[in-house]
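>
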Amino acid sequence: MSTSQSSASGRSSLAGAMSAAFGLSGIAALVWLWVLTATPLDPANWVRILGLAFLPVGVVGAVIAGTAGLRTSGRRYALVGLSAAAVTVIGFVLLITMYG
2 MSTSQSSASG
12 RSSLAGAMSA
22 AFGLSGIAAL
32 VWLWVLTATP
42 LDPANWVRIL
52 GLAFLPVGVV
62 GAVIAGTAGL
72 RTSGRRYALV
82 GLSAAAVTVI
92 GFVLLITMYG
């Protein structure tokens, strides 16, 4: 069993990095939703669903990993992920309000 400081700090920053990755995937899914809504692009249904599946996964994953990563050395990445999740939710509400 290894109790070295470097391996513990690498694992503890993983939650923050995962939060940032999930948050950015949520933003990417929001952009995909905007492209489908505001432009005449008409891809196949499986492509729509595949892209939009990352919206709830990104938001929920960013919140769960971000709350776990706030007390670790990956705090700044956790804050990036939580901020990206907030931007995704706000953008989603604005998109639904504008294009209803």
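My numbering puts the sequence shown at residues 2 to 101.
Backbone N, C-alpha and C define an ideal beta-carbon position, used for all residues, glycine too.
#1: State the DSSP-derived secondary structure class of Ala30, mapped to helix, strand or coil.
#2: Tell me whether Leu42 sits in a helix, a strand or coil according to DSSP, three-state version.
#3: Between Gly102 and Ser20, which are expected to be in contact by the criterion C-beta below 8 Å, what is the C-beta distance as a whole number of angstroms?
#4: Take Leu34 and list the residues in its own chain whose beta-carbon comes closer than 7 Å to its own, dropping the five residues that flank it on each side.
#5: Which residue's Cα is closest to the Cα of Ala85: Ile28, Gly17, Ala18?
#6: Kindly say whether Ala16, judged by its beta-carbon, lies nearer than 8 Å to any beta-carbon of chain C.
#7: If I measure Cβ to Cβ from Phe93 and keep anything under 8 Å in the same chain, skipping five residues before and after, which residues do I get?
#8: Taking 8 Å as the cut-off, decide whether the C-beta atoms of Gly75 and Gly17 are in contact.
From the atom records:
#1: On the sequence shown, residue 30 is found 29 positions in, with the first residue counted as 1. Correct three-state label for Ala30: helix.
#2: For the purposes of this step, residue 42 is taken as the residue at position 41 of the sequence shown. Three-state result, Leu42: coil.
#3: What is shown of the chain runs 2 to 101, which leaves residue 102 out entirely.
#4: The count along the sequence shown starts at 1 and reaches residue 34 at position 33. Around Leu34: Leu53, Leu56, Leu96.
#5: Walking along the sequence shown from the start, residue 85 turns up at place 84. If we check each option's Cα against that of Ala85, Ile28 comes out closest.
#6: The chain inventory of the structure shown lacks chain C, comprising one protein chain alone.
#7: Walking along the sequence shown from the start, residue 93 turns up at place 92. Taken in chain order, the residues that qualify are Leu31, Leu34, Leu56.
#8: Taking the sequence shown and counting its residues from 1, one reaches residue 75 at position 74. Taking the sequence shown and counting its residues from 1, one reaches residue 17 at position 16. In contact: Gly75 and Gly17 (Cβ atoms closer than 8 Å).
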